[in-house]
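J.: If you use this note's numbering, the sequence shown closes out at 1515, no skipped numbers anywhere.
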Amino acid sequence: MEKNARKQSGEERRREIIRILSSSKSPVSGSSLARTLGVSRQVIVTDIALIRARRDDIVSTSAGYTIPARTEGARKIFKVAHTDDQILDELSSIVERGGRVLDVFIQHKVYGTISAPLNIASKRDVENFLSDLRSGVSTPLKNITGNFHYHTVEARNEKALSEIEDVLRQKGYLIESKDSEAVYEAKDYAQV
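See the structure below:
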């Protein structure tokens, strides 16, 4: 019986973590969550992992954890390709038209889908992302698949997404499918 009580307190703590992250306008550090909830930082790390097993909207940033606000906007997945030197232009083209780049992912023939959250919505976010890449710690996922990759992009409405699609097409970044559709549903991803 005592084991169930501990499990319940863990569930309550995880619900409180979700509430804190959902209501915060900025990322909340693991240390801050630990202090607020009276547990160790390692307990918070474990709780975040358990929460992520049930939901995928928690984003880890260098400043802490966040749950981006849901918008009533529209969302599309674009298949794109470009060089490393064109990352700035591609991401800037999206955010300048009101888009938020939620993630980047590739389809690997052996490993399947490999993805990473980005949550890039401003020029500053683009600059920070490029700074991280330039640090040399890692390289873009697109380099694994000969520059081909996907972005889930969110915008306030379909018109804004259409403008983003048009500029990506004009700049030669957008990869059109055989039937001229520029967006792919998750179940239809082509293997690169």
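Think of the CB as a built atom: it goes at the ideal place given N, C-alpha and C, for glycine as much as any other residue.
#1: Quick one: grab the DSSP three-state call for Val1433.
#2: Within a Cβ cutoff of 7 Å, which residues of the same chain sit near Ile1467, ignoring the five residues on either side of it in sequence?
#3: With Thr1389 as the anchor, note down where its beta strand (DSSP E) starts and where it stops.
#4: Thr1468 by DSSP, collapsed to three states: which one?
#5: Buried or exposed for Val1433, please, with buried defined as at least 16 other CB atoms from any protein chain shown within 10 angstroms of its CB.
#6: List the whole-angstrom C-beta distance separating Val1424 from Val1476, where the pair is believed to meet the contact cut-off of C-beta under 8 Å.
#7: If we count the other Cβ atoms within 10 Å of its Cβ and call it buried at 16 or more, is Lys1510 buried or exposed?
#8: Report, in whole angstroms, the separation of the C-beta atoms of Arg1336 and Asp1380, which I expect to be a contact under 8 Å.
#9: Please classify Leu1373 as buried or exposed, where buried requires at least 16 neighbouring CB atoms within 10 angstroms.
#10: Take the Cβ of Thr1389 as the centre, count every other Cβ of all protein chains shown within 10 Å, and call the residue buried at 16 or more, exposed below.
#11: Ile1343 lies in the alpha helix (DSSP H); which residues open and close that run?
#12: Tell me whether the beta-carbon of Pro1350 lies closer than 8 Å to the beta-carbon of Gly1387.
T.: By the coordinates alone:
#1: coil
#2: Ile1429 and His1431
#3: Gly1387 to Thr1389
#4: helix
#5: exposed
#6: 6 Å
#7: The predicted model places Lys1510 with a pLDDT of 32, which falls under 50 and marks its position as unreliable, so this point remains unresolved.
#8: Wrong, their Cβ atoms sit about 18 Å apart, outside the cutoff.
#9: exposed
#10: buried
#11: Glu1325 to Ser1346
#12: yes
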